[in-house]
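Engineer: Just dropping this structure here.
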Amino acid sequence: MKVSAETSQSELLEKDRRFVWHPYTQMLSAPPPLPIVRGTGALLVDDQGNTYIDAVSSWWVNIHGHSHPYIAKKIAQQATTLEHVIFAGFTHPPAVALAERLIDHLPDPLSKVFYSDNGSTAVEIAIKMAIQYYHNRDQPKKKLIALDQAFHGETFGAMSASGDLSLNNAFKNQLFEVARIPAPLKGKEAESEKVLEQLLQEGDAYAFIFEPLIMGAGGMLMYEPAILDKLIRLCQKHGVLTIADEVMTGFGRTGQLFAIQHLATCPDLICLAKGLTGGVLPLAVTCCTDKIYEAFLSEDKGKTFFHGHSFTANPLGCAAALASLDLLEGAECQENISRVVRRQRAFREKMEGHAAVKDIRQTGTILALEFNSPEKTSYFNQLRDQLYQFFLDRRILLRPLGNVIYFMPPYCISDKEMTEVYQAIEDALVHFNL
Ligand code: PMP
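Start counting the sequence shown at 132; every next residue gets the next number (my numbering).
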């Protein structure tokens with residue numbers, strides 16, 4: 132029988148096991164996946180009618196809640212008007228409107244939008260633009276500088292730029308070389324600055340890439356805008372381009388629309404994805420300055436940026452992004468962001484000094500609690516799997532990163548739902564005797 136909405140759970144799971152390979156999942160030992168049939172607000176609904184609070188915004192993408200009727204309506208209108216068209220040699224209103232609107236929101240030097248369809252490719256594009264910028268000016272350079280513990284995605288350039296993650300062991304010998312500096316975390320600022328300065332003095336660097344203020348997959352590590360300003364200024368002094376990977380931090384997560392709005396400086400390139408469409412459709416952008424764009428303008432066709440994906444600037448994705456921006460700019464969403472920030476702060480203050488808590492940190496709407504773990508902090512931490520199941524049993528979707536539990540909800544989450552999540556975290560600390 133073909134799978135439909137009426138397919139029984141056991142049959143669905145049997146077919147899932149036979150035909151599907153899930154991401155970040157050890158298919159030999161992982162428990163069967165949860166069949167989700169519906170989403171509304173911050174809730175996911177399974178085929179038995181159970182609801183789960185989506186406390187990780189479904190891999191950090193969702194900002195307005197699931198199946199938002201306004202975004203759905205705008206996508207439907209676009210789907211019956213123009214679903215897709217090649218973006219080389221052609222253009223369309225949603226892509227132009229979205230580019231203009233993003234540029235309006237971004238700091239002044241950022242003036243051009245290049246479309247793609249996921250965070251990794253947005254990063255890949257930024258790195259390629261930076262390399263080719265120098266190549267086109269006949270000053271080829273070889274070195275990319277990145278932070279220890281960084282995460283930039285899963286394509287080869289993005290994996291190379293990412294820190295030494297055990298996840299990438301199989302590919303280690305195939306990645307290109309990247310110079311690393313310590314992340315400028317509290318107490319490490321001076322060292323980070325010093326190592327960057329040394330690398331810049333050695334020359335040959337084309338860019339410095341970083342996740343501004345919050346390093347997500349590396350463990351929700353946080354650092355201050357002031358030190359990032361210093362690092363960016365150093366790069367500017369040495370004529371090295373800077374790339375802000377805002378794939379996770381973009382669209383309100385830090386309390387501002389973009390994390391770089393906390394800075395006094397502005398990077399040369401910024402990568403956006405995840406929340407761009409409200410987390411509804413895959414779409415990404417890499418924005419750059421006129422200075423970079425102009426280095427590709429030439430009578431010599433070899434200086435063209437030869438990069439483009441089949442679904443570049445997909446009109447449905449652009450329509451979803453425009454609708455998401457309508458909501459994001461609205462008073463209701465802005466109030467929700469402020470409310471989430473306030474609630475997260477109150478919980479952080481409550482938990483500071485708790486015996487089980489090694490560190491609790493917050494930037495804007497994102498809260499991360501690092502607990503004292505008997506095991507080494509890593510993605511393969513055993514306790515992580517037990518915690519994940521503990522929260523699921525409580526009907527909460529939280530995916531700890533090693534011994535870091537983080538809470539990154541859609542902004543529409545209710546106060547009651549937030550309280551449930553906080554209670555579950557406190558209960559987990561007791562349950563696991565942390
Ligand atoms: N950059 C950062 C900072 C990310 O957090 C991620 C994904 N978690 C990526 C890039 C890659 O994005 P995607 O999964 O859409 O390829």
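Where is the CB? At the ideal position from N, CA and C, for every residue including glycine.
Note that the structure is predicted; figures quoted are calculated from it, not measured.
Please name the residue in A404, N503, C418 and A210 whose C-alpha comes closest to that of G533.
Structural biologist: Nearest C-alpha to G533: N503.
Engineer: Looking only at DSSP bridge pairs, what is T182 linked to?
Structural biologist: DSSP lists V176 as partners of T182.
Engineer: Report the residue from Q280, E483 and I262 whose alpha carbon sits nearest the alpha carbon of A426.
Structural biologist: Nearest of Q280, E483 and I262 to A426, Cα basis: I262.
Engineer: For T252, does the three-state DSSP call read helix, strand or coil?
Structural biologist: It is helical.
Engineer: Considering only the alpha carbon of each residue, which of P446, L174, R530 and I527 lies closest to T211?
Structural biologist: Selected option, being the one with the closest Cα: P446.
Engineer: Look at the alpha carbon of I202 and the alpha carbon of A348, and state the distance between them as a whole number of angstroms.
Structural biologist: Approximately 28 Å, taken between the alpha carbons.
Engineer: Under a criterion of Cβ closer than 5 Å to any non-hydrogen atom of the ligand PMP, which residues qualify, in chain order?
Structural biologist: This selection yields N249, G250, S251, H283, G284, E342, G347, D376, V378, M379 and A404.
Engineer: Kindly indicate the opening and closing residues of the beta strand (DSSP E) around E501.
Structural biologist: Counting along the chain, the beta strand (DSSP E) containing E501 begins and ends at I497 to F502.
Engineer: Go through the segment 270-330 residue by residue and report every complete run of the beta strand (DSSP E) that reaches 3 residues or more, in order.
Structural biologist: The segment 270-330 contains these whole beta strand (DSSP E) runs: 274-278 and 309-312.
Engineer: I'd like the list of long-range same chain contacts for Q527, defined as Cβ closer than 8 Å, with 5 residues on each side in sequence excluded.
Structural biologist: Residue identity check: residue 527 is Ile in the sequence provided, not Gln. For I527, where only same-chain residues beyond five positions count, the Cβ hits under 8 Å are Y183, I184, A186, E551, V552 and A555.
Engineer: Alpha carbon to alpha carbon, how far is M158 from L165? Give it in angstroms, no decimals.
Structural biologist: Their Cα atoms are separated by approximately 14 Å.
Engineer: I need the DSSP call for Q465, collapsed to helix, strand or coil.
Structural biologist: Three-state DSSP puts Q465 in a helix.
Engineer: By a C-beta neighbour count over all protein chains shown, 10 Å radius and 16 as the cutoff for buried, is T222 buried or exposed?
Structural biologist: Classification for T222: exposed.
Engineer: Can you grab the Cα-Cα spacing for the pair P343 / E145, in whole Å?
Structural biologist: Answer to the nearest angstrom: the Cα atoms are 42 Å apart.
Engineer: Are A292 and L275 closer than 8 Å when you measure CB to CB?
Structural biologist: Cβ atoms of A292 and L275: closer than 8 Å.
Engineer: Suppose the cutoff is 7 Å on Cβ atoms and the five residues either side in sequence are ignored; what does the same chain contact list for A230 look like?
Structural biologist: Answer for A230: V244, listed in chain order.
Engineer: What residue range is occupied by the uninterrupted alpha helix (DSSP H) comprising L458?
Structural biologist: That run of the alpha helix (DSSP H) goes P446 to E460.
Engineer: Residues in the same chain with beta-carbon distance under 6 Å from F521, minus the five sequence neighbours each way, listed in chain order, please.
Structural biologist: Counting only Cβ-Cβ distances below 6 Å, and skipping sequence neighbours, we find A559.
Engineer: Rounded to a whole number of angstroms, what is the C-alpha to C-alpha distance between A321 and K361?
Structural biologist: Their backbone Cα atoms lie some 10 Å apart in a straight line.
Engineer: From S441 to A219, what distance separates their C-alpha atoms?
Structural biologist: C-alpha separation (whole angstroms): 10 Å.
Engineer: Is there contact here, the segment 160-179 with the segment 188-199, by at least three beta-carbon pairs under 8 Å?
Structural biologist: Cβ pair count under 8 Å is three or more, so yes.
Engineer: Taking Y246 as part of the beta strand (DSSP E), name the residues at either end of that continuous run.
Structural biologist: Where Y246 is concerned, the enclosing beta strand (DSSP E) stretches over L241 to S247.
Engineer: Ends of the alpha helix (DSSP H) at A230?
Structural biologist: Its alpha helix (DSSP H) spans residues P224 to H236.
Engineer: If distances are taken between C-alpha atoms only, which option among L403, D248 and R474 comes closest to D376?
Structural biologist: Cα-wise, what sits closest to D376 is L403.
Engineer: Who are A375's beta bridge partners in DSSP?
Structural biologist: Answer by DSSP bridge pairing, in chain order: F341 and I401.
Engineer: For T420 and S141, I'd like the C-alpha separation in whole angstroms.
Structural biologist: Approximately 53 Å, taken between the alpha carbons.
Engineer: I need the DSSP call for V552, collapsed to helix, strand or coil.
Structural biologist: Here V552 sits in helix by DSSP.
Engineer: CB-CB under 6 Å to L327, same chain, minus the five flanking residues each way: which ones, in chain order?
Structural biologist: So the qualifying residues of the chain are I312, L362 and L365.
Engineer: Within a Cβ cutoff of 7 Å, which residues of the same chain sit near A289, ignoring the five residues on either side of it in sequence?
Structural biologist: Here the set comprises S251, V254, E255 and H283.
Engineer: Here's a check: name, in chain order, each residue in its chain whose Cβ is nearer than 8 Å to the Cβ of A161, leaving out the five neighbours to either side.
Structural biologist: Closer than 8 Å at Cβ, skipping near neighbours: H153.
Engineer: Could you tell me which of R479, V561 and T396 sits nearest to L518, measuring between CA atoms?
Structural biologist: Comparing Cα-Cα distances from L518 to each of R479, V561 and T396, the minimum goes to V561.
Engineer: Any heavy atom of the ligand PLP closer than 7 Å to the Cβ of A444?
Structural biologist: In terms of ligand content, the structure shown lacks the ligand PLP and carries the ligand PMP instead.
Engineer: Taking C-beta to C-beta, are I234 and S247 nearer than 8 Å?
Structural biologist: It is not a contact, given that the beta carbons lie outside the stated cut-off.
Engineer: On the three-state DSSP scale, how would you describe V151?
Structural biologist: Looking at V151 - three-state DSSP - the assignment turns out to be coil, as it is neither helix nor strand.
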